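Chemist: If you scroll down you'll find the structure; I have some questions about it.
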Amino acid sequence: PQELIDEILDYLADDKYSLRTCSLVCRAWVLRTRACLFESCRLSRERHVVGFGEVLQSPNCTFLHHVRSM
Numbered sequence: 007p008q009e010l011i012d013e014i015l016d017y018l019a020d021d022k023y024s025l026r027t028c029s030l031v032c033r034a035w036v037l038r039t040r041a042c043l044f045e046s047c048r049l050s051r052e053r054h055v056v057g058f059g060e061v062l063q064s065p066n067c068t069f070l071h072h073v074r075s076m
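Going by my numbering, the sequence shown opens with residue 7, and the numbers climb by one from there.
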């Protein structure tokens, strides 16, 4: 059941590599992994900030509502 999958993915919240891998499994998994992956974004270079801003402004951006801190 999806509830069990969500619990497992939440458990992996600190393991970004595993979350990225899990996000490729299926659509049902990508929704939960996005919430974990994009909850807190850290951008170390100015060019990353600019690029991230452009992505956020895109009409195709699907993770903006998951970002809680930068």
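Just so it is clear, CB atoms sit at the ideal spot from N, CA and C, and this is done for glycine as well.
The model shown is predicted, which means the values in this text are computed figures rather than measured ones.
Residues in its own chain within less than 6 Å of alanine 19 by CB, not counting five upstream and five downstream?
Modeler: Cys42
Chemist: Based on Cα-Cα distance, which residue from Leu70, His72, Arg40 lies nearest to isoleucine 26?
Modeler: The amino acid at residue 26 is misidentified as isoleucine; the sequence shows arginine. Arginine 26 has its Cα closest to that of Arg40, out of Leu70, His72, Arg40.
Chemist: If distances are taken between C-alpha atoms only, which option among Gly57, Gly59, Arg48 comes closest to serine 75?
Modeler: Arg48
Chemist: Rounded to a whole number of angstroms, what is the C-alpha to C-alpha distance between valine 61 and leucine 10?
Modeler: Distance between the alpha carbons of valine 61 and leucine 10 is about 31 Å.
Chemist: How long is the line joining the alpha carbons of valine 36 and isoleucine 14, rounded to whole angstroms?
Modeler: 13 Å
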